[in-house]
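Asks: One structure is given below, represented as structure tokens, and several questions about it will come after.
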Amino acid sequence: MEAMTFAQKVLSRASGREVFPGEIVSAKIDLAMSHENAALVLRAFDEMGAKEVWDPERVVLLFDHRVPANTIKAAEGHQAVRAFVRAEGLPHFYDLREGICHQVLPEKGHVLPGMLIVGTDSHTTTYGALGAFSTGIGATEMAAVWATGELWMKVPRTFRFHLNGRLEGPVVAKDVILHLIGMMGADGCDYRCVEFVGPVVDAMSISGRMTMCNMSMEMGAKAGVAFPDQRTRDY
């Protein structure tokens with residue numbers, strides 16, 4: 000067996016076989032997250048005739064974008080999601096004032112290294128800071144995940160940034176990722192799994208790594224990852 004990238008390792012485990020970059024696979028999802036757009040997912044879920052969520056323990060729903068609801072339509076969406084949560088008995092629902100989704104999931108212990116996580120938010124890549132392969136998907140795709148627990152996707156190629164040196168003075172992780180985005184452009188890492196390694200990343204806090212992975216999608220990345228270490232375990 001040839002050496003595998005991080006993306007290959009996670010997607011091989013999730014699909015139950017060895018996979019290669021560029022290949023289309025059907026992968027079992029470890030965790031599925033949606034915020035207010037769960038109302039759109041719910042509509043697609045109903046339209047496809049799905050009867051129940053495949054695994055309530057693996058679905059996390061929360062409100063963070065329109066809090067409190069700023070329109071009647073938004074309020075109705077909140078109500079529809081709350082009713083769905085009650086009907087399905089979903090245990091991981093965070094209502095108003097719990098926080099931003101990409102902070103809540105790690106802080107509540109939903110994210111672990113090696114997980115395959117999808118979310119209906121483009122910045123779902125954030126969870127790569129804890130060693131997960133996490134990526135954003137659309138509402139219809141998420142409806143299929145709710146119903147089956149699986150999703151097809153292309154195994155991404157990998158782009159590795161090895162960051163040497165150290166951050167000094169006012170320079171922080173946000174400056175680093177903005178510099179990389181400026182170098183690569185909006186599509187410079189299109190559909191790549193971006194790996195952040197090296198002394199600069201090793202010295203970063205988890206919040207700094209979250210910033211790096213969160214914004215990796217701004218250069219087209221499918222996922223971003225900082226590999227787990229003692230700092231990750233301490234977190």
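Count the sequence shown with numbering that gives the first Met the number 0 and you get residues 0 to 234, in order.
Idealized CB from N, CA, C, for every residue including glycine.
Bear in mind the structure is a predicted one, so any value in this text is a computation, not a measurement.
Given residue 216, which residues of its chain have a CB within under 6 Å of its CB, disregarding the five upstream and five downstream residues?
Replies: Counting only Cβ-Cβ distances below 6 Å, and skipping sequence neighbours, we find 121, 124.
Asks: Tell me which residues share the same chain as residue 99 and place their Cβ nearer than 6 Å to its Cβ, disregarding the 5 neighbours each side in the sequence.
Replies: Result list for residue 99: 63, in chain order.
Asks: Quick one: which unbroken alpha helix (DSSP H) runs of 4-plus residues sit fully inside the segment 53–100? Chain order, please.
Replies: For the segment 53–100, whole alpha helix (DSSP H) runs of length 4 or above, ordered along the chain, are 71–87.
Asks: Taking 7 Å as the limit between beta carbons, can you name the residues of its chain near residue 36, skipping five residues before and five after?
Replies: Same-chain partners within the cutoff: 119, 138.
Asks: Give me the Cα-Cα distance between residue 115 and residue 94, rounded to the nearest whole angstrom.
Replies: About 24 Å.
Asks: Check the DSSP bridge columns for residue 26 and list the partner residues they point to.
Replies: Residue 26 is bridged to 150.
Asks: Could you tell me the distance, in whole angstroms, from the CA atom of residue 86 to the CA atom of residue 106?
Replies: Those two C-alpha atoms are separated by around 26 Å.
Asks: Which value, in whole angstroms, describes the spacing of the CA atoms of residue 170 and residue 219?
Replies: Cα-Cα distance, rounded: 24 Å.
Asks: With three or more C-beta pairs closer than 8 Å as the rule, is the segment 140–151 touching the segment 168–187?
Replies: At 8 Å Cβ cutoff, the stretches do not touch.
Asks: Take every Cβ of the segment 47–64, pair it with every Cβ of the segment 77–91, and state whether three or more of those distances are shorter than 8 Å.
Replies: Judged by Cβ distances under 8 Å, the segment 47–64 makes contact with the segment 77–91, as three or more pairs qualify.
Asks: Along the chain, where does the beta strand (DSSP E) that runs through residue 194 open and close?
Replies: Segment 191–196, the beta strand (DSSP E) holding residue 194.
Asks: Hey, is the segment 189–197 in contact with the segment 150–157, meaning 3+ C-beta pairs nearer than 8 Å?
Replies: Yes, the segment 189–197 touches the segment 150–157.
Asks: Do three or more CB pairs link the segment 21–31 to the segment 65–74 at distances below 8 Å?
Replies: The segment 21–31 is not in contact with the segment 65–74.
Asks: Tell whether a beta-carbon distance below 7 Å holds between residue 5 and residue 175.
Replies: No, they are not a contact pair.
Asks: Between residue 226 and residue 130, how many whole angstroms is the CB-CB distance? I'm expecting something under 8 Å.
Replies: That pair is a contact at about 6 Å.
Asks: Classify residue 229: buried if its beta carbon has 16 or more other beta carbons within 10 angstroms, exposed otherwise.
Replies: The residue is exposed, with fewer than 16 neighbouring Cβ atoms inside 10 Å.
Asks: Under the rule that 16 or more other beta-carbon atoms within 10 Å means buried, what is residue 208, buried or exposed?
Replies: By the neighbour-count rule (16 or more Cβ atoms within 10 Å), residue 208 is buried.
Asks: Just grab the DSSP bridge partners of residue 113 for me.
Replies: Per DSSP, none; premise fails for residue 113.
Asks: Roughly how many angstroms lie between the CA atoms of residue 54 and residue 14, to the nearest whole one?
Replies: In a straight line, the C-alpha of residue 54 is about 17 Å away from that of residue 14.
Asks: Just to confirm, are residue 79 and residue 38 a CB contact at a threshold of 7 Å?
Replies: A contact, by the Cβ cut-off of 7 Å.
Asks: Residue 156 bridges to which residues according to DSSP?
Replies: DSSP lists 191 as partners of residue 156.
Asks: Kindly say whether residue 22, judged by its beta-carbon, lies nearer than 7 Å to any beta-carbon of chain B.
Replies: Of the protein chains in the structure, only one exists, and it is not chain B.
Asks: Could you pull out every residue in the same chain whose Cβ sits closer than 8 Å to the Cβ of residue 11, ignoring the five residues on either side in sequence?
Replies: Excluding positions up to five away in sequence, the list reads 3, 17, 18.
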